[in-house]
Structure formats: C-alpha cells, structure tokens
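Going by the numbering used here, the first residue of the sequence shown is number -5, and it counts up by one from there.
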Amino acid sequence: MEVLKLIRSQIRCLERFKEASSCFLAAADAGDFGGLDQFERNRASLLKGFDLFDRKITESVAQMGPGDRTPALLAEAEELLFTKSSLIQEIMGIDDRIIERISTEQLRISTEISRTQRSNSLMKRFKSGWVPESGEQLDEIL
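In structure tokens form, the structure reads like this:
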C-alpha cells in the first residue's frame, strides 16, 4: 500500500538523520566542530524530505476509502509508526548531547576570549606605565 511505502521512506529519512547526527556528535566529542555548517545544511535538507513524506502520507490517508483500512494494514502501519517514534526518540537523545557539546564549547571559547581580553588590557596598562618610566620617549625624539 502507498501509505506503508511512504512511512518506510520516512523511516529511511530518519535513519539518515540519525546517522548524520551520530557522526557529528562523534566529531564534537573529539573537539572538532568544523563540520557544524555542513551538518546543519544536511539536517535541514533531511527535515524538508521528512516534511514532504509527512504531507504525502496525510494526502494518501485522506484518499483511502473505508475498505482500504484493513486490520493487516493498520497493524503494519502501527508497527512502522512505533519504529518511527523510536527513531525520533533516539535522535532527540543525540540532539541533547550535541547541544550539550556545543554549549560546553561556547563556554570554553567565551572564557578564552575573556581571558585574552584581560591579558590585553593588563598589557596595555603595563605598557602605558612602563614606557614613560623607562625613558623610551627619548628614543622617539631622536
């Protein structure tokens, strides 16, 4: 049946989504966030595909007659929807871990920037007091 094919296609889309998320998480765990832009583009593309399948499923179900909804069809659809739901839960778990890694990296970068700014500020204060006291203004005159 068309509906079952569409649900299976949607599940394959979710499996690719999960694989992309898992690969990015592995890279993030290793401290490599360079693929974030590509991951976001890939993810957006997969979500568009998922939405397309969702619309097609809705249309297909609306066109089904009462006689088309057999117990066997409903049982198989229910099983596929359970698989789909399980995949979504797994993806959400991976997403939570990705968000955690990104937040940790943002905090690390923010701390590093703050430390660098303090260091630069201290260096400027040191130079502004040290140069006049050391007589280096004479070098400028000569």
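Built from N, CA and C at the ideal position, the CB exists for glycine as well.
Do residue j and residue i count as a contact pair if the criterion is CB distance below 7 Å?
{"i": "Gly43", "j": "Cys17", "result": "no"}
{"i": "Leu81", "j": "Lys50", "result": "no"}
{"i": "Thr77", "j": "Ile5", "result": "yes"}
{"i": "Ala22", "j": "Arg95", "result": "yes"}
{"i": "Ser79", "j": "Val(-3)", "result": "no"}
{"i": "Phe11", "j": "Glu99", "result": "no"}
{"i": "Met(-5)", "j": "Leu74", "result": "no"}
Leaving out the 5 sequence neighbours to the left and right, which residues in its chain are closer than 8 Å to residue i when beta-carbon positions are compared?
{"i": "Arg91", "result": "Leu19"}
{"i": "Ala113", "result": "Looking at the sequence provided, one finds Ser at residue 113 rather than Ala. Result list for Ser113: empty, nothing under 8 Å."}
{"i": "Asp62", "result": "Met(-5)"}
{"i": "Glu70", "result": "Leu(-2)"}
I'd like the list of long-range same chain contacts for residue i, defined as Cβ closer than 6 Å, with 5 residues on each side in sequence excluded.
{"i": "Phe33", "result": "Phe18"}
{"i": "Leu132", "result": "Low confidence applies here, because Leu132 scores a pLDDT of 49, under 50, leaving its location unreliable and the question unanswered by this model."}
Per DSSP, what kind of secondary structure is residue i in: helix, strand or coil?
{"i": "Lys118", "result": "helix"}
{"i": "Phe27", "result": "coil"}
{"i": "Arg95", "result": "helix"}
{"i": "Leu0", "result": "helix"}
{"i": "Thr188", "result": "Limits of the chain in this structure are -5 at one end and 136 at the other, which puts residue 188 out of reach."}
{"i": "Leu132", "result": "At Leu132, the pLDDT of 49 sits below 50, so the modelled position is not reliable; the number obtained from the coordinates is stated separately. Leu132 falls in the helix class under three-state DSSP."}
{"i": "Gly59", "result": "coil"}
{"i": "Met(-5)", "result": "coil"}
{"i": "Arg37", "result": "helix"}
Excluding five sequence neighbours on each side, which residues of the same chain lie with their C-beta closer than 7 Å to the C-beta of residue i?
{"i": "Gly29", "result": "Phe18 and Ala21"}
Nearest to residue i by alpha carbon, out of the options?
{"i": "Leu41", "options": "Gly61, Gly59, Ser3 and Pro60", "result": "Ser3"}
{"i": "Asp31", "options": "Ala14, Phe47 and Asp45", "result": "Ala14"}
Open item on the list: Within 8 Å, do at least three Cβ pairs link the stretch 34 to 51 to the stretch 87 to 96?
Closed with: No: fewer than three Cβ pairs fall under 8 Å.
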